[in-house]
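In our numbering, the protein residues as written are 1178 to 1292.
Single-structure report; data block below.
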């Protein structure tokens, strides 16, 4: 079973930045698309960013222009650079495959945007 370990969350003021990391324990990481999800209190988990195996990216409208997803295949790690953070970005952030055969969820990393 693939293990996903997210890190990098924290408390940040509105307008601030954070970089999240997610390490995946799979030898085929480089050929898989990866995504970042988030789940805010009382809301369903939503997919906010996707990166293909070839580096093509896609974002939800809510984060487009502020978040950047990228990957390091040698480290089997996917990142989410989050800039211009807003209070509505507060959520637990998870990585996983963006569709199809989703792996078991990791513990996630909490991002709180508040003054």
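Here a beta-carbon is modelled for each residue, glycine too, at the ideal position from N, C-alpha and C.
Cβ separation of residue i and residue j, assumed to be a contact under 8 Å, to the nearest whole Å
i, j, result
"residue 1255", "residue 1195", "Not quite, the Cβ-Cβ distance comes to about 15 Å (not below 8 Å), so this is no contact."
"residue 1243", "residue 1261", "5 Å"
"residue 1182", "residue 1200", "5 Å"
"residue 1230", "residue 1209", "6 Å"
Sequence-distant residues of its chain with Cβ nearer than 7 Å to residue i (five each side left out)
i, result
"residue 1206", "1250 and 1253"
"residue 1268", "1215, 1216, 1217 and 1288"
Enclosing beta strand (DSSP E) for residue i [first to last residue]
i, result
"residue 1248", "1244 to 1249"
"residue 1282", "From DSSP, residue 1282 is part of no beta strand (DSSP E); its letter is neither H nor E."
"residue 1187", "1187 to 1189"
"residue 1223", "1223 to 1228"
"residue 1235", "1234 to 1236"
"residue 1178", "Per DSSP, residue 1178 belongs to no beta strand (DSSP E) and is neither H nor E."
Any chain D beta carbon closer than 8 Å to residue i
i, result
"residue 1264", "The structure shown contains no chain D, having only a single protein chain."
Bridge partners - residue i, DSSP secondary structure assignment
i, result
"residue 1290", "1189"
"residue 1212", "1227 and 1273"
"residue 1200", "1182 and 1254"
CB of residue i within 8 Å of CB of residue j, strictly
i, j, result
"residue 1180", "residue 1198", "no"
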